[in-house]
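The block underneath contains the structure these notes are about, expressed in structure tokens.
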Amino acid sequence: MCRTVVAQPRSAPSAAPSRRGTNPRTRAFRRRFYPQVTDREWNDWHWQLRHRIRTLGEAERFLMLSDGEREAILRGGAMLPFAITPYYLSLLDADDPDQPLRRTVMPSPGEFVQTRGEADDPLGEDGHSPVPGLVHRYPDRVLLLALDFCSTYCRYCTRSRVVGHGELSPGEARLEAIFEYLENSPQVRDVLVSGGDPLAMSDDRLDWILGRLRAIPHIELVRLGTKMPAVLPQRITPSLCRVLRKYHPLWMSLHFTHPDECTPESFQACARLADAGIPLGSQTVLLKGVNDSVATMKDLVHRLVMMRVRPYYLYQCDPISGSSHFRTPVSKGLEIIQGLRGYTTGYAVPNYVIDAPGGGGKIPLQPDYLVGRDGDDLLLRNFEGKLYRYPDPAGESAPRQDTIASGAPCGA
Ligand code: SF4
Numbered sequence: 000m001c002r003t004v005v006a007q008p009r010s011a012p013s014a015a016p017s018r019r020g021t022n023p024r025t026r027a028f029r030r031r032f033y034p035q036v037t038d039r040e041w042n043d044w045h046w047q048l049r050h051r052i053r054t055l056g057e058a059e060r061f062l063m064l065s066d067g068e069r070e071a072i073l074r075g076g077a078m079l080p081f082a083i084t085p086y087y088l089s090l091l092d093a094d095d096p097d098q099p100l101r102r103t104v105m106p107s108p109g110e111f112v113q114t115r116g117e118a119d120d121p122l123g124e125d126g127h128s129p130v131p132g133l134v135h136r137y138p139d140r141v142l143l144l145a146l147d148f149c150s151t152y153c154r155y156c157t158r159s160r161v162v163g164h165g166e167l168s169p170g171e172a173r174l175e176a177i178f179e180y181l182e183n184s185p186q187v188r189d190v191l192v193s194g195g196d197p198l199a200m201s202d203d204r205l206d207w208i209l210g211r212l213r214a215i216p217h218i219e220l221v222r223l224g225t226k227m228p229a230v231l232p233q234r235i236t237p238s239l240c241r242v243l244r245k246y247h248p249l250w251m252s253l254h255f256t257h258p259d260e261c262t263p264e265s266f267q268a269c270a271r272l273a274d275a276g277i278p279l280g281s282q283t284v285l286l287k288g289v290n291d292s293v294a295t296m297k298d299l300v301h302r303l304v305m306m307r308v309r310p311y312y313l314y315q316c317d318p319i320s321g322s323s324h325f326r327t328p329v330s331k332g333l334e335i336i337q338g339l340r341g342y343t344t345g346y347a348v349p350n351y352v353i354d355a356p357g358g359g360g361k362i363p364l365q366p367d368y369l370v371g372r373d374g375d376d377l378l379l380r381n382f383e384g385k386l387y388r389y390p391d392p393a394g395e396s397a398p399r400q401d402t403i404a405s406g407a408p409c410g411a
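Under numbering that gives the first Met the number 0, the letters of the sequence shown match residues 0 to 411, in that order.
Listed below in structure tokens is the structure:
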């Protein structure tokens with residue numbers, strides 16, 4: 000066990016995200032472990048990728064490892080490789096293996112435990128893949144897996160059967176087969192480019208992919224899914240933004256898990272993307288011991304809206320193989336939504352969904368605000384638990400004209 004590690008300050012969980020500068024925790028980490036590294040090197044995303052922490056020896060240099068973490072790294076061979084950028088490592092608590100961010104990226108023996116209902120491909124994506132690296136599950140939209148590389152691997156990744164295995168490269172031959180399929184699929188109007196992390200590709204490769212998609216007339220919307228603003232915000236460079244802004248309407252789904260990821264560096268990365276005119280949404284996976292409380296989730300969604308990122312989805316953790324140590328009961332997700340709805344702006348309340356095992360798509364869940372019916376009235380419960388009536392004549396499918404005239408069209 001490495002005894003040379005110094006404790007680092009934890010970021011204050013309730014403070015609003017700072018918009019400028021660097022995280023004090025990251026500054027302390029750099030002084031301790033990378034004193035010779037210049038700002039220019041540290042802020043170069045290629046440098047960050049070259050210096051990822053990938054071995055037991057490297058991890059021991061920075062963290063006081065638990066027996067479980069050491070065993071899991073040594074055992075290896077689980078579906079996901081192990082890699083963390085130096086930047087993200089600087090956010091981890093060196094001494095506490097239960098720190099939320101640390102749990103999301105450090106291997107654990109739980110990954111080797113398979114429980115009932117778990118599968119390597121619980122969403123049945125492979126069965127909806129007409130071309131390698133393309134998932135066509137919904138009629139009008141597809142998921143394009145551009146590559147299988149990520150800068151940092153999340154231990155709960157739904158695509159751990161694919162990600163990090165080095166089998167999906169962004170080479171032209173494979174991608175041209177996908178573009179040909181899309182050219183011949185006029186019903187597809189929306190392409191989500193994901194992976195792996197598509198922002199791990201060079202600006203030139205992204206430029207080419209986005210240009211090829213934009214050249215297909217029936218594709219109206221292109222979306223990118225990425226965790227880079229959280230794990231490698233240095234990737235969001237002005238030159239990347241110049242590439243992205245050429246391809247509007249372009250939307251981005253960011254992946255934030257915990258308020259401690261909302262650092263000044265992440266804030267600046269999101270600001271660059273938002274200033275490039277890209278609507279930003281966040282997808283968060285509900286994870287036991289990481290973000291499974293109303294207080295933590297409220298802190299996260301408040302920070303996200305400050306960063307101009309709309310909390311979009313809260314996912315019930317998919318039953319991937321070896322995920323039971325991360326999964327909460329569904330009642331926990333409902334409790335969190337109930338603790339947000341009415342207590343903060345609706346813009347900050349994500350849609351809580353289960354991605355149905357077997358490929359059934361996203362199924363929304365929310366606390367039951369519809370209590371029942373009393374004659375021509377609906378009985379509703381508000382966020383404080385108080386009961387209200389709403390006139391809704393049974394059997395009528397359309398509102399009467401007088402209902403329309405007296406309604407409140409603006410919404411509040
Ligand atoms: S960034 Fe996304 S694709 Fe990559 S490991 Fe994390 S969840 Fe999986």
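Positions of the beta carbon are idealized from the N, C-alpha and C atoms, including for glycine.
What residue range does the alpha helix (DSSP H) around residue i cover?
i    : result
Q267 : P263 to D274
R302 : V293 to M305
V104 : P99 to V104
D38  : D38 to W41
H45  : W44 to R49
G56  : L55 to F61
T25  : P23 to F32
What residues in its chain sit with their C-beta under 8 Å from that of residue i, if we drop five residues either side in the sequence?
i    : result
L423 : Residue 423 cannot be examined here, being either before or after the span of the chain that is shown, 0 to 411.
E264 : T21, N22, T25, Y86, P232 and Q233
V348 : V300, P310, I336, L339 and R340
T292 : The residue you asked about is not Thr; residue 292 is Ser in the sequence shown. Within the same chain, S292 has close Cβ partners I335.
D376 : R388, Y389, P390 and D391
Hey, could you find the ends of the beta strand (DSSP E) residue i is sitting in?
i    : result
A355 : N350 to A355
H135 : L133 to Y137
D373 : L369 to D373
I235 : Unbroken run through I235: none, as it is neither H nor E.
V141 : R140 to L144
K361 : G360 to L364
G280 : L279 to L285
Y440 : Given a span of 0 to 411 for the chain in the structure shown, any question on residue 440 remains unanswerable.
M251 : L249 to H254
R173 : Run containing R173: none in the beta strand (DSSP E); it sits in the alpha helix (DSSP H), E171 to E182.
So, under 8 Å CB-CB, residue i and residue j are touching, yes? Tell me the CB distance rounded to an integer number of Å.
i    : j    : result
I215 : L174 : About 13 Å; that fails the 8 Å criterion.
R188 : H164 : The Cβ separation is near 31 Å, so there is no contact.
Q150 : A229 : Before going further, note that residue 150 is Ser rather than Gln in the sequence given. Not confirmed; about 10 Å, so no contact.
L285 : G332 : 5 Å
L142 : L167 : Actually they are not in contact, since the Cβ atoms of L142 and L167 sit about 12 Å apart, beyond 8 Å.
G194 : L146 : 5 Å
S128 : A71  : Their Cβ separation, rounded to whole angstroms, is 30 Å, which puts S128 and A71 out of contact at 8 Å.
L191 : R222 : 5 Å
P99  : H247 : About 35 Å separates the two Cβ atoms, so there is no contact after all.
D196 : F148 : 7 Å
C240 : L272 : 7 Å
L79  : V162 : 7 Å
G75  : S323 : Actually they do not touch by this definition, with Cβ atoms about 20 Å apart.
In its own chain, which residues sit with a C-beta less than 6 Å from the C-beta of residue i, not counting the 5 before and 5 after it?
i    : result
A268 : P228, P232 and I235
H254 : K226 and Q282
P363 : N350 and V352
P169 : A145, L146, M200 and R204
D119 : R160 and S320
M105 : E68
V134 : E124, H127, S128 and L142
With 16 as the cutoff for other CB atoms within 10 Å, does residue i come out buried or exposed?
i    : result
V412 : In the structure as shown, the chain begins at 0 and stops at 411. Residue 412 is therefore absent and cannot be evaluated.
H301 : buried
A275 : buried
C409 : In this predicted model, C409 has a pLDDT of only 40, less than 50, meaning its place in the structure is not dependable; the value taken from the coordinates is given anyway. Flag for C409 reads exposed.
Q186 : exposed
S320 : buried
Y152 : buried
Y342 : exposed
L73  : exposed
R19  : exposed
D373 : exposed
P34  : exposed
Beta-carbon of residue i versus every beta-carbon of chain C: anything under 8 Å?
i   : result
L48 : No chain C is part of this structure, which consists of one protein chain only.
Quick one: residues in its chain with C-beta nearer than 7 Å to the C-beta of residue i, no 5 flanking neighbours on either side, listed in chain order?
i    : result
G357 : G123
Y346 : V304 and R309
V130 : A176, I177 and Y180
V242 : D202, L205 and D206
R83  : As written in the sequence, residue 83 is Ile, which differs from the Arg given in the question. Cβ within range, chain order: R51, I52, V104 and T151.
L212 : V190, I218 and V221
Quiz item: Taking one C-beta from the region 347-362 and one from the region 302-318 each time, how about it: are there three or more such pairs within less than 8 Å?
Solution: The answer is yes - the region 302-318 touches the region 347-362, with three or more Cβ pairs under 8 Å.
Quiz item: Per the contact definition of three or more C-beta pairs closer than 8 Å, is the region 300-309 in contact with the region 48-63?
Solution: Not touching, per the Cβ criterion.
Practice problem: Would you check if the region 282-297 and the region 111-120 touch, i.e. whether three or more CB-CB distances between them fall below 8 Å? | Solution: The region 282-297 and the region 111-120 do not touch, with fewer than three beta-carbon pairs separated by less than 8 Å.
Quiz item: Any chance the region 138-145 sits against the region 82-102, with 3 or more Cβ pairs inside 8 Å?
Solution: Segments in contact, no.
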